[in-house]
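What follows is one structure encoded as structure tokens, with my remarks underneath.
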Amino acid sequence: MSPSQTKILIAGAGPTGLTLALWLTRLGVPVRIFDKAAGPGETSRALAVQARTLEFHRQIGIVEDVLAAGVRLEQLTVRTPAGIAARLPLSDFGRGISPYSFAFALPQDIHERIMITHLERAGVRVERNTELVAFEDRTSSVVATLRNGGVTETVCAAYLVGCDGARSTVRHGLNIGFPGGTYEQAFYVADVTGSGAVTRNGMDTTVSAYGFAIAMPVRQSGSLRLIGIVPKAHEADETITFEAIRADVERDTGIKVNEVNWFSTYRVHHRVAERFRVGRVFLCGDAGHIHSPAGGQGMNTGMGDAVNLGWKLAAVVQGRADQRLLDSYEPERIAFARKLIESTDTAFRFITSRSRLVGL
Numbered sequence: 002m003s004p005s006q007t008k009i010l011i012a013g014a015g016p017t018g019l020t021l022a023l024w025l026t027r028l029g030v031p032v033r034i035f036d037k038a039a040g041p042g043e044t045s046r047a048l049a050v051q052a053r054t055l056e057f058h059r060q061i062g063i064v065e066d067v068l069a070a071g072v073r074l075e076q077l078t079v080r081t082p083a084g085i086a087a088r089l090p091l092s093d094f095g096r097g098i099s100p101y102s103f104a105f106a107l108p109q110d111i112h113e114r115i116m117i118t119h120l121e122r123a124g125v126r127v128e129r130n131t132e133l134v135a136f137e138d139r140t141s142s143v144v145a146t147l148r149n150g151g152v153t154e155t156v157c158a159a160y161l162v163g164c165d166g167a168r169s170t171v172r173h174g175l176n177i178g179f180p181g182g183t184y185e186q187a188f189y190v191a192d193v194t195g196s197g198a199v200t201r202n203g204m205d206t207t208v209s210a211y212g213f214a215i216a217m218p219v220r221q222s223g224s225l226r227l228i229g230i231v232p233k234a235h236e237a238d239e240t241i242t243f244e245a246i247r248a249d250v251e252r253d254t255g256i257k258v259n260e261v262n263w264f265s266t267y268r269v270h271h272r273v274a275e276r277f278r279v280g281r282v283f284l285c286g287d288a289g290h291i292h293s294p295a296g297g298q299g300m301n302t303g304m305g306d307a308v309n310l311g312w313k314l315a316a317v318v319q320g321r322a323d324q325r326l327l328d329s330y331e332p333e334r335i336a337f338a339r340k341l342i343e344s345t346d347t348a349f350r351f352i353t354s355r356s357r358l359v360g361l
């Protein structure tokens, strides 16, 4: 049987892969996008949507839906055991630089569904429960083997793009190194309903000898996102439940938790792939770089990768530019990722250093 044909084959249907698919589709380039998951995520995960990302969304016609679904954060309040240390306005900090001069939060599950809806309206559906088994760059094309259940399919594409996350099958298939490290602290993240001194439509950061904690609105329904450092007494626990650290969370955030909608713990990694491209195969998003959540840049950087690569792929496959245009993707985005790692690493180490916070 002859292989299926497409111009761009996208592995991974998270925010990065969906952004790439939307941009290419808007530019008239045939794509196929697949993901091994049965459906889109159902938890909030990444929240921060930067002004530049909103500008990208405006260019492909989805920004109004995105803005209607999220929360504008008006103020950052910094608290210490002694009381409020500072209040910083967030509602107009980019005036004159961007039309979206405000801090904005949108849960990743809602964000993804908005993009999926627009992609489906354009006639492209995410192929679910589908995994990449193997691929081969044949100089003039990439031939990939996909598997859905017990059915395998051979696909021939002009280019393959790995948007398949930190454990990227595409990156592993290219034997690209992923150097970096892991921070020592364990962190918790919880989406809850509760009551307390949290600023309405604002972000509250509490710093103390225990570390730092953040409380902020996560959905228009009124739920809150709580983030902080797992207490040292529980750092080595194989499994950590919310109830085990409830007292610490409520003390650190000032929130009395009534209901827990989602809770997870994690360690933060900082890594940048040695290459973002090998021949006709590219890496975008977490497949190429992961870093601390300081500054809320993770998801946004991946989407920036997708936009940078998307218009270049479109120009090349449509014959409007020479293939050498694609040579600019790796140096531009790998330099950005490395610089971001440096800046977020500095910020992250500062805000998580208990020794720096003891005197507050």
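Residues 2 to 361 (this note's numbering) are what the sequence shown spells out, left to right. In this text, a Cβ means the ideal position worked out from N, Cα and C, and glycines have one as well.
Alpha-carbon spacing of residue i relative to residue j, whole angstroms
i, j, result
"arginine 129", "alanine 38", "6 angstroms"
"phenylalanine 283", "histidine 58", "22 angstroms"
"arginine 272", "alanine 216", "27 angstroms"
"glycine 203", "phenylalanine 337", "29 angstroms"
"glycine 360", "glycine 15", "The pLDDT assigned to glycine 360 is 44, lower than 50, so where the model puts this residue is not dependable; a value taken from the coordinates is nonetheless given after this. About 41 angstroms."
"alanine 23", "glycine 311", "It should be pointed out that residue 23 corresponds to leucine in this sequence rather than to alanine. Cα to Cα, the separation comes out at about 9 angstroms."
"leucine 358", "aspartate 249", "Residue placement at leucine 358 cannot be trusted, given a pLDDT of 45 that sits under 50; what the coordinates show is reported in the next sentence. Each residue's alpha carbon lies about 17 angstroms from the other."
"leucine 147", "isoleucine 256", "47 angstroms"
"glycine 29", "alanine 123", "10 angstroms"
"alanine 214", "aspartate 253", "6 angstroms"
"alanine 274", "glutamate 56", "27 angstroms"
"alanine 234", "phenylalanine 243", "14 angstroms"
"isoleucine 9", "threonine 131", "16 angstroms"
"alanine 322", "alanine 316", "5 angstroms"
"histidine 270", "serine 5", "37 angstroms"
"valine 231", "arginine 53", "32 angstroms"
"alanine 87", "phenylalanine 94", "16 angstroms"
"proline 100", "aspartate 238", "46 angstroms"
"valine 156", "serine 142", "10 angstroms"
"alanine 49", "phenylalanine 136", "34 angstroms"
"leucine 25", "threonine 266", "35 angstroms"
"serine 92", "phenylalanine 103", "5 angstroms"
"glycine 42", "glycine 320", "36 angstroms"
"glutamine 76", "isoleucine 117", "31 angstroms"
Collapsed DSSP secondary structure at residue i in the structure displayed
i, result
"asparagine 301", "helix"
"leucine 314", "helix"
"threonine 54", "helix"
"isoleucine 11", "strand"
"leucine 361", "Interpretation of leucine 361 is limited by its pLDDT of 43, a score under 50 that renders its predicted location unreliable; no figure is taken from the coordinates."
"serine 329", "helix"
"histidine 292", "coil"
"glycine 286", "helix"
"phenylalanine 105", "strand"
"glutamate 185", "strand"
"phenylalanine 136", "strand"
"alanine 70", "helix"
"arginine 355", "Bear in mind that the predicted position of arginine 355 carries a pLDDT of just 49, short of 50, making it unreliable; the figure below should be weighed with that in mind. Arginine 355: helix per DSSP, three-state reduction."
"alanine 237", "coil"
"glycine 124", "coil"
"serine 224", "coil"
"arginine 321", "coil"
"glycine 163", "strand"
"arginine 33", "strand"
"alanine 307", "helix"
"serine 99", "coil"
"valine 199", "coil"
"serine 344", "helix"
"glutamate 43", "coil"
"glycine 18", "helix"
"arginine 350", "helix"
"phenylalanine 243", "helix"
"alanine 38", "coil"
"valine 64", "helix"
"phenylalanine 337", "helix"
"isoleucine 111", "helix"
"valine 219", "coil"
Continuous beta strand (DSSP E) stretch holding residue i: start and end
i, result
"leucine 28", "Taken as a continuous stretch (DSSP letters only), leucine 28 belongs to no beta strand (DSSP E), as it is neither H nor E."
"isoleucine 256", "256-273"
"threonine 146", "143-149"
"leucine 48", "It is not in any beta strand (DSSP E) - leucine 48 carries neither H nor E in the DSSP assignment."
Residue interval of the alpha helix (DSSP H) (run including residue i)
i, result
"glycine 84", "No alpha helix (DSSP H) contains glycine 84, which is instead part of the beta strand (DSSP E) from 84-90."
"glycine 174", "170-174"
Residues that DSSP places opposite residue i in a beta bridge
i, result
"leucine 77", "Leu89, Met204"
"alanine 214", "Thr207, Gly229"
"threonine 194", "Glu260"
"threonine 131", "Asn149"
"glycine 280", "Partner(s): none; glycine 280 has no beta bridge."
"serine 5", "Val156"
Is it a yes or a no for the stretch 292-306 touching the stretch 326-342, going by three-plus beta-carbon pairs under 8 angstroms?
The stretch 292-306 makes contact with the stretch 326-342: 3 or more CB pairs, one atom from each, lie closer than 8 angstroms.
Could you check whether the stretch 74-93 touches the stretch 200-219, counting it as contact only if at least three pairs of C-beta atoms, one from each stretch, sit closer than 8 angstroms?
yes
When the Cβ atoms of the stretch 227-236 are set against those of the stretch 187-195, are three or more pairs found closer than 8 angstroms?
yes
Using 8 angstroms as the threshold, is the stretch 180-193 in touch with the stretch 151-167, meaning 3 or more CB pairs across them?
no
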